[in-house]
Ligand code: NAP
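Shown next as structure tokens:
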């Protein structure tokens, strides 16, 4: 464990919002968690586990937080091989995309559709990251955590994680659980190709009929890199809004007014809308509200210029959700977690 004193929290949020100083400690092993917790009590600060900061936005009041940083916990090992499945144990500090790359290298399928998503492995279950019809919950065997409230280690089965669309028990209880590793159940079977338009046309163009695991990963990396801004160059937190789920009846009424509106099936009687399409149609793509705004290529991505404050961000968010609501009667929900 290494106490690293006060440092700039803005540097630990890919949208570059947050107070200029907070206390932090590097966690090197699961045993360090209890030691760090003792230190937090001594300093009278609230512990908060932080991954890559790609889905976290700090309110200016987050100065009283004591951040537990995990990027040094980087072990990956095969835990068990059974029939067609392999259990793969990955510590929380491994970069998510490095974990995906390693699984693909070992010819294990299940994670490839989630290639190129920013953040660390420990953060993946928190918001149940998803892309191209896959969600991380589909591969999770166990989430290994420390319960800071009960002061005890706790392993979560997939069911106990209460996964939902971009949600989990970890997101619903911010700061309570420190995830130090995740065990994935991966498959040795042939991978299925996501039936998304971008991917289908990528393989059609390349004339590849039965893509390998590696080719699926390469396709997704290329498609994402062409569409999404790199947070190192343009501050952003990935998708800023969730895709709204509305009733079939509401969608039918909207379709009369907006016949080209994309609609995808959701649970029975409900459909999923594409939040990016609604924002684009509202004329907000490539629109800045002061220091924040909507990216020019992807309407789901809120970008910043590194100068904006938390309250300015909320103001921009309100302008966007209000305009979408005025036009479509649909309220957009924020995806990243606010820490205050
Ligand atoms: P896209 O392929 O342009 O599709 C637009 C939207 O339509 C997506 O939100 C997707 O919903 C939905 N969609 C498209 N084809 C679909 C199909 N065959 N079945 C069901 N739904 C379909 O989307 P994109 O913005 O380039 O993103 C591609 C994927 O990466 C999406 O799955 C998206 O969720 C994911 N992504 C995640 C993040 C993040 O930060 N978490 C950021 C960017 C993209 P879904 O979103 O439900 O798939």
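In this note's numbering, the protein residues as written are 675 to 1014.
Even for Gly, the Cβ is constructed at its ideal location relative to N, Cα and C.
- In the pairwise beta carbon analysis, the region 771 to 783 is classified as touching the region 856 to 869: at least three pairs are separated by under 8 Å.
- It is roughly 17 Å from the alpha-carbon of residue 742 to the alpha-carbon of residue 824.
- DSSP places residue 695 in the coil class of the three-state scheme, outside both helix and strand.
- Counting only residues of its own chain and dropping the five nearest sequence neighbours on each side, residue 791 has a CB closer than 6 Å to the CB of 770 and 803.
- Collapsing the DSSP output to three states places residue 843 in a helix.
- If you draw a straight line from the Cα of residue 923 to the Cα of residue 808, it is about 27 Å long.
- For the set 797, 806, 894 and 945, the Cα lying nearest the Cα of residue 927 is the one of 945.
- Taking a cut-off of 8 Å on C-beta distances, the region 781 to 795 touches the region 805 to 822, as three or more cross pairs fall below it.
- Within the same chain, Cβ atoms closer than 6 Å to the Cβ of residue 783 are found at 861, 865 and 887, the five residues on either side in sequence being excluded.
- Contact between the region 707 to 716 and the region 751 to 759 is absent, with fewer than three C-beta pairs closer than 8 Å.
- For the pair residue 764 and residue 723, the Cα-to-Cα distance works out to about 17 Å.
- A Cβ-Cβ separation of about 23 Å leaves residue 780 out of contact with residue 725 under the 8 Å criterion.
- The Cβ atoms of residue 800 and residue 740 do not sit closer than 7 Å to each other.
- Annotation for residue 812 indicates a beta carbon at 6 Å or more from all heavy atoms of ligand 1.
- The alpha-carbon separation between residue 748 and residue 675 amounts to approximately 14 Å.
- Listed as beta-bridge partners of residue 783 by DSSP are 861.
- Proximity of the region 961 to 975 to the region 898 to 910 meets the contact definition, three or more beta-carbon pairs being nearer than 8 Å.
- About 7 Å separates the CB atoms of residue 816 and residue 830; that is less than 8 Å, so the two are in contact.
- Here the alpha carbon of residue 913 sits roughly 5 Å from the alpha carbon of residue 974.
- Under the DSSP definition of a beta bridge, residue 972 lacks any partner.
- It is roughly 21 Å from the alpha-carbon of residue 939 to the alpha-carbon of residue 999.
- Check the Cα spacing between residue 952 and each of 961, 936 and 941: the tightest is with 936.
- The continuous beta strand (DSSP E) containing residue 759 extends over residues 759 to 765.
- In the three-state DSSP reduction, residue 1000 falls in the helix class (H, G or I).
- A straight-line Cα-Cα distance of about 29 Å links residue 842 and residue 980.
- For residue 876 against residue 897, the beta-carbon gap comes to about 6 Å, under 8 Å, which counts as contact.
- Between the beta-carbon of residue 956 and that of residue 916 there is about 16 Å, and that puts the pair past the 8 Å contact cut.
- DSSP lists 915 as the beta-bridge partner residues of residue 1008.
- At least one heavy atom of ligand 1 sits closer than 6 Å to the Cβ of residue 913.
- Ligand 1 has no heavy atom closer than 6 Å to the beta-carbon of residue 973.
- Per the coordinates, the alpha-carbon of residue 717 lies some 11 Å from the alpha-carbon of residue 698.
- For residue 938, the CB falls within less than 6 Å of some heavy atom of ligand 1.
- Taking the CA atoms as reference points, residue 745 sits about 7 Å from residue 766.
- By the neighbour-count criterion, in which 16 or more other beta carbons inside 10 Å mark a residue as buried, residue 976 falls on the buried side.
- Contact annotation, residue 911 with residue 689: C-beta distance approximately 4 Å; criterion of less than 8 Å satisfied.
- For residue 803, there is no enclosing beta strand (DSSP E), as DSSP gives it neither H nor E.
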